[in-house]
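Read through the structure below, which is laid out as structure tokens, and then see the notes.
Residue numbers (UniProt numbering), protein chains in the order written: chain A, 1 to 314; chain B, 1 to 314; chain C, 1 to 314; chain D, 1 to 314.
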């Protein structure tokens, strides 16, 4: 490590990553979280919220294609989409690539972050906020969904892990929240979510989320991909009551990708299918899991990645 | 980061990983390389050679299953195996799980490292060095293969990346070396190798190696897996003149895994197949690659992960 | 920072020092504290207890000469010496350089540390433990002094700062403890102690200790020196009821240093006198200080270096 | 170390300091050097040039009082002052506290740095640049002194160490440069300079500079002080042909400090005198030194702090 500026991120309680910063574009605190935006040589701009790297300019396409397209491609004709989180606008950007989409509602509680993204992170949103089909709401997503009965073809959930007992996001990882999400899906609707790192010692976020989602949806499927900017393999979940969202009939995916003109950079039909194939040890960890997170006993993660259940005291 | 001892590893020239060490078991230098062996909380013992983490106790099974079994399972009845590198003995251990194997020859130039592994890394070799079918040679693998005309059903190559113009390992990544390897394969033989990290900014080791191997073998297939202890996605290559080693007929893999009684922890039949499916951007990087590494102009990697060709001056 | 092993020490809550370790000689935990002993290029062996570097091979002579000789030289003929702490034996070594010394009692609670020092830190003790004049006691120094009425010409206190409310050492920084020390001094006796780093933001250890000692002794004098291995300027205190220990008459120091044949490497007469001259800002901080640490309300330091008083609950 | 932004500075080749940055105010490169300006909790704003911390808001008064006042107080009535380096304006500020000063010329080659300091570092210059007695020149100091025959009562040299064979500052540390400086002194004039860290393993900058200055001036005196923001003890040199600048007659310093109304925060008369008292090991290192830096063979420092002589090839 040469002299200069670094960003330090604890990946586990025992392993940390230092990233050389060429320039710091912004740092401070919104009402909800610390933020850091800086430039690096290999990953371009990097966005950090609280202690975690959220996204890097050079590889955000991998993360956002992985979060968005399996769900959108699983749906025969997605017209309306709701996004929980996703403040920098790249999830919205990917959603708006679908010409069938008539309405995309993004709900991120952190209005200051959204404003900052508009100015400082154009590489992410690429103008998506200005699309007439897009609506941005800066409120608590659960509260908003509870009070607004509109329904959607696809709901995408992009939240940080609920680390720490005090974490208010814990109530966005419960059976009751997923039931609310399900009520806001149109018939034939599908939900996708980011669901935790898949690290040897940190398997618990993913299995518990999988187990909890499975309480609510008839079909719950895990998939995974390596996100270079995180130096981590991440888990995702696709769920639907209507159909198995990972069981594409021969050629369907390929046709949809071509017909919908998505210009994918990382995904193709066969790789999407391969993402749904899990290694044996992870499969077993998911099968073994018994913890179901509820509003009465929502789970949270310890710094070690262990899952614990306890009442949430705001 | 709490007070205490850390191991610092530069993953790219701009990003570094610090690992908290609970205890240092050994550190020093053999005739060939620096070594560090220490204990960590999450990954157990960690082995570092020169600047790179080679293996961790808790996840080495992922790396070694990934390196060994696709090749061994591709072969209908592997009886003889040659291992280039692999000094800590875990590749040998996985190979010896096959009851058909009558002879496994491991060739690692670093005799001091092999001796140290026998004492300090029993979790890796698990007694493999004492198996009567095993032979350990501590010489330069290329020299040894050139002078010993024995042939093998499977050859496994487990070498570090040829980083730096002075790196003597550069001559183990050339057309001529792979031709030598091919001459030492029995008819129907197959070769597998570790083939570099797959990081956004570090794609060059893998494409160049793929392109070079393809000069020599009729069938060259890349596959990949996430290695938690490296915090990286790694590429591997399987090659054969006899058959496409990634084209298993329906049910073959599953049957062989069951019949051969391998006790796999990470791999299963469907995940092995999924590892051979590459994302679009990596596929394109491989297809675009034109560099072929030869003895006259062997390639090397810069610290940035770029590949360059230049004569090797020992 | 090159790849390899480092020791990380937080010097303030915001500034940390990384030291490259060439080799780790020992690491673990005694009943009382974590310990780390390692080799470095510039400072030789380094001893760390809990989170603080205690001493380095190459500069320990500076620290121990500074702690020991002002007190020993202030005394006209030191025959008996009691050392609180000082487990590695270098304070004892410096004390035994005085031929007048007939009895040197070192009391360090950590018997495991003392044993380790005998084997691993010969550069510190240099055989001092084997001197027939030396006695080593491994008990709580306060308890021992309370129950043993022997008295001494010089008492040297070498303790870590009482950082943290739970720190048991808090009761070794109170008026009552210093009164006990005074009762164990012979007439004409003198006490010296290490008294905290003198860092801009960390002035509170020193002023509070000075203020507390002044409650007990007629003459209390601060002095300071830079300890390279700590990268810090450190404060020390000399106190006596009999005479002002920093007011040497012309030529006395020089004569005593010469006559006693001490072979000093860092100190000479004029530098000893200069160490007692404090800069204006530190003088003012000491004068302003009003906190007196008592058994009822012993002070402790926060991580920020602020001093707080609160009852100690063992 | 908590998550967040850090500045990494190598203090020796083996020891490094990380400083937590709350906010980055500027970072980039002028024509001459890299710069970083950031805010920290304990030291306030920090200015870094190339790889070294130059100054921190909270302790710069210690450094600048130490550099400026011994020379200014040694002079009976300083009217004209020349400053080599000192781009942030704090040396100038201290100089202008003397009402006798009629002309203060600061010469720093880095015009971009000076402009930045005006805006971003008001805590340093405190308006000094606007004083009608001040002149700022942004040229090479040696070239300017050679072509401008004006003479001064006091010359203050505030330069970074000449680390590295390519360092153009090497020609500002030679006999010929100090002879030029002497020619630009009025009769009775005095020069002061920052002269390197005094660290166990880094003694060579100071002894060599002392030895070189002594070739030119009849009276050459070293002094030292701990600079908290550097975590280092620093050496300084005062030189004059007219008188011994460290030999103040009884009461002179005290009187001058009072009469000149300087409002010193760190220095007082007795501490100034104490700064000129060196420890035995440093005295011996200075006495042992034989290297004299000349234009033909200017010295430079290696990263290890060793001094070497070699021709300078621009």
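Note that the Cβ used here is the ideal one computed from N, Cα and C, for glycine as well.
C-beta neighbour in chain A for residue i, strict 8 Å
i	result
residue 346/D	With chain D covering 1 to 314 only, the question about residue 346/D has no answer from this structure.
residue 228/B	yes
residue 36/D	yes
residue 271/B	yes
residue 220/B	no
is_contact[residue i, chain D] using C-beta, thresh 8 Å
i	result
residue 32/C	no
residue 6/A	yes
residue 82/A	no
Chain-order list of residues whose beta-carbon lies under 8 Å from that of residue i (same chain, five-residue window excluded)
i	result
residue 221/A	237, 238, 239, 244, 245, 246, 276
The alpha helix (DSSP H) enclosing residue i, as first and last residue numbers
i	result
residue 270/A	269–275
residue 71/B	60–74
residue 178/A	175–183
residue 206/A	205–214
residue 258/C	252–259
residue 118/B	111–120
residue 304/A	Unbroken run through residue 304/A: none, as it is neither H nor E.
residue 235/C	Per DSSP, residue 235/C belongs to no alpha helix (DSSP H); it is in the beta strand (DSSP E), 232–240.
residue 146/D	141–147
Closer than 8 Å to chain B by CB, residue i
i	result
residue 280/C	no
residue 1/C	yes
residue 249/C	no
residue 304/C	no
residue 268/A	yes
residue 55/C	no
residue 48/A	no
Sub-8 Å separation of residue i and residue j beta-carbons
i	j	result
residue 163/B	residue 303/B	yes
residue 109/C	residue 147/C	no
residue 131/C	residue 156/C	no
residue 61/D	residue 265/D	yes
residue 214/A	residue 291/A	no
residue 73/D	residue 278/D	no
residue 113/C	residue 30/C	yes
residue 181/C	residue 191/C	yes
residue 77/A	residue 207/A	no
residue 26/A	residue 120/A	yes
residue 75/B	residue 158/B	no
residue 133/B	residue 104/B	yes
residue 209/A	residue 234/A	no
residue 262/A	residue 280/B	no
Same chain, Cβ closer than 6 Å to residue i, five either side skipped, listed in chain order
i	result
residue 150/A	none
residue 140/C	109
residue 14/C	none
residue 18/B	6, 8
residue 123/C	57
residue 223/C	236, 275, 276
residue 39/B	22, 23, 45
residue 205/A	161, 196, 301
Below-8 Å beta-carbon distance, residue i vs any chain C residue
i	result
residue 19/D	yes
Which residues DSSP lists as bridging residue i, in chain order
i	result
residue 83/C	106/C, 156/C
residue 280/B	In the DSSP output, where bridge partners are listed per residue, residue 280/B has none listed.
Residue range of the beta strand (DSSP E) that includes residue i
i	result
residue 28/C	23–29
Neighbourhood of residue i by C-beta distance below 7 Å, restricted to the same chain and skipping five residues each side
i	result
residue 50/C	33, 34
Where the segment 139–173 of chain D meets chain F: residues whose CB sits under 9 Å from a CB there: The chain labelled as chain F is not found among the protein chains of the depicted structure, namely A, B, C and D.
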